Amino acid sequence: FDMSINGRMQVDSMTNVSGSSSVANATGANTTNQLADGAGIRRARIGVEGSYYKDFGYKFEYDFARGNGSVASGITDAYVSWKGYDPLNIKVGQFKEPFSLEEATSNRYLTFIERNNVVNAFSDNDNAYKVGLGVGYSQPRWTANLALQTESVGSGGASSSTSSVNTMGNANRNNGSGDTGWGVTGRVTGLPWYEDKTKFLHVGLSGSERQINNNFAANGSLSTGGISFGNQLNTNVDRTFILNTGNLTTGQTRMAQRIARFGGETALVYGPFSAQAEYIQANVSGRGYNDEALNGWYGYTSYFLTGESRAYKTSTGAWDRIKPKQNFNTHGGWGAWEIAAGYDYLNLVDGNINGGRATTGKVGLNWYPNSHIRLMANFIHALNIDTKGMAARSAAYNSSNFDVVEMRAQVDW
Amino acid sequence: FDMSINGRMQVDSMTNVSGSSSVANATGANTTNQLADGAGIRRARIGVEGSYYKDFGYKFEYDFARGNGSVASGITDAYVSWKGYDPLNIKVGQFKEPFSLEEATSNRYLTFIERNNVVNAFSDNDNAYKVGLGVGYSQPRWTANLALQTESVGSGGASSSTSSVNTMGNANRNNGSGDTGWGVTGRVTGLPWYEDKTKFLHVGLSGSERQINNNFAANGSLSTGGISFGNQLNTNVDRTFILNTGNLTTGQTRMAQRIARFGGETALVYGPFSAQAEYIQANVSGRGYNDEALNGWYGYTSYFLTGESRAYKTSTGAWDRIKPKQNFNTHGGWGAWEIAAGYDYLNLVDGNINGGRATTGKVGLNWYPNSHIRLMANFIHALNIDTKGMAARSAAYNSSNFDVVEMRAQVDW
Amino acid sequence: FDMSINGRMQVDSMTNVSGSSSVANATGANTTNQLADGAGIRRARIGVEGSYYKDFGYKFEYDFARGNGSVASGITDAYVSWKGYDPLNIKVGQFKEPFSLEEATSNRYLTFIERNNVVNAFSDNDNAYKVGLGVGYSQPRWTANLALQTESVGSGGASSSTSSVNTMGNANRNNGSGDTGWGVTGRVTGLPWYEDKTKFLHVGLSGSERQINNNFAANGSLSTGGISFGNQLNTNVDRTFILNTGNLTTGQTRMAQRIARFGGETALVYGPFSAQAEYIQANVSGRGYNDEALNGWYGYTSYFLTGESRAYKTSTGAWDRIKPKQNFNTHGGWGAWEIAAGYDYLNLVDGNINGGRATTGKVGLNWYPNSHIRLMANFIHALNIDTKGMAARSAAYNSSNFDVVEMRAQVDW
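Residue numbers (the numbering used here), protein chains in the order written: chain A, 232 to 644; chain B, 232 to 644; chain C, 232 to 644.
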């Protein structure tokens, strides 16, 4: 019987450094459209994990900085696992859907402060932690994961903007709130080229088919359910959704019933240099829809000035903890220093859907004094925002080229 | 000085397997009356307990899956204890009221997924964890517990349906919210026949007298307070109250002022076989009431196919952890297997109160791979639901014979 | 790498023992103005702290009894620290503003159950835990702390009454909620006379300048922000704000823009005897204000009947844990016993501000069975409450001399 306590904290600040001219002024009873400056706790998690008789394990983790709308929505991982036929692994409970390299990577090991827009919009914002059954298998050169999952515990999640409509989590489905939606999601990854831990090529594919809960009153009006896709363009302290499809279910004649998602991912590590790219597409079908396709991609490179390589965990097919060659101290150690630059594109416009389009460019500087502390600085520049015809707040950002500076202090234990 | 961390997780699913014909259709702006299918985290608790200089102890436990309406309502146990004259034990803080065998038993050791309806309606749903002062005494063959308690911390609890009216917990009673209600509750148990740990007879009696907080505005209209009894017929993911008295205080002419509760309990263990039954009655008095009596009972039997006996803790007079004779593993161990069948009856109709009546039958299968993991499956069949004259959602279930399948994966540490 | 778990619990009760004649009756749809009786959990905290390679540290603490309005508002400490040039200490994250002796003292070591009114009104009620950057320095005979801080995480805090208007915490500043307010706060303390640990004189000064977030809609109406000062006169289970300025920002013509605070503190320990006093003033400036000055002070003495001395921590310039000379047990040990008496005055009236004035007197009895358990009893007597011209609930207390008995059981680990 072993049990251990773990946790993490991320303290973030965000400053809107663009002149106020690039975003349209608010009118009437509306407040400013400018992104707010501020500081806050992005994540504050405590977790417990352990095992019984080798084969059985469990993990529970809570994020005290989440939970808008419901206490339970701060729950991230909450599952029981069994690995009697190792490396086969079975999980029951709430865990992350197996989709996308950047989503599979712990937020402690992300290169930039926030996940790229396309990953954020199509997996993270809807709360990637969902309740269900998962099966995983891993070999030194490849992994495969498949999950049958329903919805997230609690309503919304920390990542939801107030404009999210995915508000009926599955904590208690009382009084005619409808059956949970459910879906099947899978991801396979491989290392077609692998010299050693510092020189390799990663590739992967993800796929998901999701049934949406649309719950109508007896008279046909929409009661709960539906789904929306939104995005806050790499921002975090002020997470205003600039791109936003709104609820794709508005009534019985326009109703999103199934979402199919596909993703392709690749990453290269070559000594201190690394590069990573993903493409994700989400197809909407249902009444009033013609298989509309929303999509996006991102690419970025990073370089360790101090010679480290990005760390990769073969059992998860995702990034792992960086250990500096030399820890920082007052006697001459500098820790690890990493620079990064990236570009991403997100398109939420097709057919009957107008959620806007945007591209952003960004540069980042990461300092790892030691393996458990990290300080990060990001500069985000918005490019080519197209939000014509959208609701007032989103429309105000049309053609805006706003600039944001973000900083983070992170510790985990 | 010792301190330890403990916790539990229960992952539940529920499927409504009856044809849709047995429940009346919704009308107008109402959503379906059918119970929803879904999966969720039923309980996710982390606790800390410890002691100082042998005599002083403390326990704090939080349920991250509770807390509708208030963060503090996730608190379960939160008390300081003293046992300087062991086996006398004194507690100050929030702890469970000493009432009923099934309520006194940890939800980790229940035979079925949910507590029986009568225990649920008269003790658990109103949040059995309340703030006050408790005194306990135990001997090898008997126990006695007495508690003077006010109300639960926070508003409502995880077990409350949205129809609960017991919404003024005692976290902060600002701005004329009235004095807390309070009550005295006691339970005595004994073992009149005790051969050994696998052959004995348990009996017990509980009693409680409770003063209800009814808080009126200066003009006489009800402001906060009152009490309701409701029940969700053994369901958990969808906890819609099918039986429901509504608030027993509706104004100055109909006002529940005191609730007296009585309970009798018995249980028999004879090797792998066990049987258990309880009767509980709640009498309502106050303006506009004539000592109306609500009541119910349940009985069930269980049998361990693998030869274990139900475990009993003499210091609490309640059930304890099952340790399989052989743990499950991939080399031939099967763990412990238990089958159970039960029946229960709940009557919330008398005099001026119409909260409905129902009986349910159920069968269960429990698998204990080891002492800390349990998988459960229950089949619930509703019988003789009588909700004539009640509000629309309850009335829709009148004469329904719905069937529900529930499953649970449980771990504790 | 070290990590430890800590926590505390405080179980409180409050009884209004004054005759009902001294507070004006409610009228119409209002509920009683009398303070409510009740019991509850005042604080229930679990924390994690640890360090990496000596120089880096972290602390996270959550209060499960806080969190009205938002889960995140239960977060108290959440910071990463560095002390590479010890005794210089740098913190990033959420931590208490360095202001006032009584605020700097852990609530576990307060002499009375609640902080004195002036400390409560000018520091604690607005949530003294704020996100920012702090620098501290300490020597055996003096300490200095300086912090640049924004706002608290989440909305409001446990200490807020519902009348608090400081509701825009900095968890997510979406949709035009405005930049965070921010401020600079500092405190210096010294020991001009120090014989030994039981005989010394402490003095200190605090100062703070704070920019208030006032967020207006495009049409000029107030949207979010502003600040209020309120106080509940040493009560805790019922924390009704009797004194209350209301939001000092009501529109564009009356807008609090800066709050300057000053405080002076002193304390004397002479064997079992101790005395402590503080004066705090808050000056309001902005449109429609003429540097209005609100202020207050308190003084109290305490005496250990069992001979202990109040414990002082030189590195924080604040009070520390009491260790009884002899622990309580059933073989003749009595623990430590302390008696205390105090007086305090709070004035929230000046120029355009009418938040009322009050003085209270109080006596207390503390029993420390051992170093980690404490039982407390306080008697509070309100004197000279002047709330003329204020809103109905506050005005009802004008000239009231109400009496309250409070009790607490406390444990920490």
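For every residue, glycine included, the Cβ atom is placed at its ideal position computed from N, Cα and C. Computed from a predicted structure; not experimentally measured.
Item                                                                                                                                                                              : Value
In whole angstroms, what is the alpha-carbon distance linking residue 599/C and residue 568/C?                                                                                    : 6 Å
What span of residues does the alpha helix (DSSP H) with residue 608/B cover, start to end?                                                                                       : Residue 608/B -> not in any alpha helix (DSSP H); beta strand (DSSP E) instead, spanning 604-617.
Can the beta-carbon of residue 445/B be found less than 8 Å from the beta-carbon of residue 488/B?                                                                                : yes
Using the rule of at least 16 other Cβ atoms within 10 Å of the residue's Cβ for burial, across every protein chain shown, is residue 536/C buried or exposed?                    : exposed
Are the CB atoms of residue 326/A and residue 308/A nearer to each other than 8 Å?                                                                                                : yes
List, in order along the chain, the chain C residues whose C-beta lies closer than 8 Å to that of residue 323/B?                                                                  : 242, 640
Among all the DSSP beta bridges, which residues are the ones paired with residue 370/B?                                                                                           : 373/B
Is it the case that the Cβ atoms of residue 280/B and residue 320/B are separated by a distance below 8 Å?                                                                        : no
Would you list, in sequence order, the uninterrupted beta strand (DSSP E) runs of no fewer than 3 residues that lie entirely inside the segment 437-471 of chain A?               : 445-447, 453-456
Please determine, among 492/C, 532/C, 285/C, 443/C, the residue with the shortest C-alpha to C-alpha distance to residue 559/A.                                                   : 285/C
If residue 201/A and residue 291/A are in contact, beta carbons under 8 Å, what's the gap, nearest whole angstrom?                                                                : In this structure chain A extends from 232 to 644, so residue 201/A is not present and cannot be described.
In whole angstroms, what is the alpha-carbon distance linking residue 463/A and residue 529/A?                                                                                    : 15 Å
Since residue 426/B is in the beta strand (DSSP E), which residue starts that stretch and which ends it?                                                                          : 413-427
Specify the secondary structure class of residue 519/B as computed by DSSP and reduced to three states.                                                                           : coil
What residues in the segment 588-600 of chain B have a beta carbon less than 8 Å from any beta carbon of chain A?                                                                 : 600
Closest to residue 573/C by CA distance: which of 553/C, 609/C, 539/C is it?                                                                                                      : 609/C
Kindly list, in the order they appear in chain C, the residues whose Cβ is closer than 9 Å to that of residue 315/B.                                                              : 559, 560, 561
Between the beta-carbon of residue 329/A and the beta-carbon of residue 421/A, is there less than 8 Å?                                                                            : no
With DSSP collapsed to three states, give me the class of residue 328/C.                                                                                                          : coil
So for residue 353/A, helix, strand or coil by DSSP?                                                                                                                              : helix
Note the first and the last residue of the continuous beta strand (DSSP E) segment covering residue 649/A.                                                                        : Because chain A spans 232 through 644 in this model, residue 649/A falls outside it and cannot be assessed.
Excluding the 5 residues preceding and the 5 following residue 534/A in the sequence, name in chain order all residues of the same chain whose CB lies nearer than 8 Å to its CB. : 503, 504, 505, 569, 570, 571
Where do the ends of the alpha helix (DSSP H) carrying residue 630/B lie?                                                                                                         : Residue 630/B -> no alpha helix (DSSP H), and no H or E assigned at all.
State the CB to CB distance for the pair residue 362/B and residue 345/B, rounded to an integer number of angstroms; the pair is presumed to be in contact (CB under 8 Å).        : Actually they do not touch by this definition, with Cβ atoms about 25 Å apart.
Just by C-beta distance, which residues in the segment 474-498 of chain A are closer than 8 Å to chain B?                                                                         : none
Please state whether DSSP places residue 409/B in a helix, a strand or coil.                                                                                                      : coil
Would residue 640/B and residue 258/C be called neighbours here (beta carbons separated by less than 8 Å)?                                                                        : no
Using only CA atoms, which one of 301/C, 507/C, 340/C, 272/C lies nearest to residue 403/C?                                                                                       : 301/C
Helix, strand or coil for residue 305/B? Go by DSSP, reduced to three states.                                                                                                     : helix
Relative to the alpha-carbon of residue 324/B, which residue among 288/C, 624/C, 606/C, 631/C has its alpha-carbon at the smallest distance?                                      : 606/C
What's the gap between the Cα of residue 245/A and the Cα of residue 483/A?                                                                                                       : 41 Å
Identify which residue in 360/B, 474/B, 316/B has its Cα closest to the Cα of residue 337/B.                                                                                      : 360/B
Is the distance from the Cβ of residue 509/C to the Cβ of residue 350/C below 8 Å?                                                                                                : yes
Roughly how many angstroms lie between the CA atoms of residue 492/B and residue 368/B, to the nearest whole one?                                                                 : 22 Å
Residues of the segment 399-431 of chain A with a CB closer than 9 Å to any CB of chain B: list them in chain order, please.                                                      : 400, 401, 402, 403, 404, 405, 406, 407, 408, 409, 410, 411, 413
List, in chain order, every chain B residue whose beta-carbon is nearer than 7 Å to that of residue 357/C.                                                                        : Within chain B, no residue comes near residue 357/C; the closest Cβ sits about 16 Å away, beyond 7 Å.
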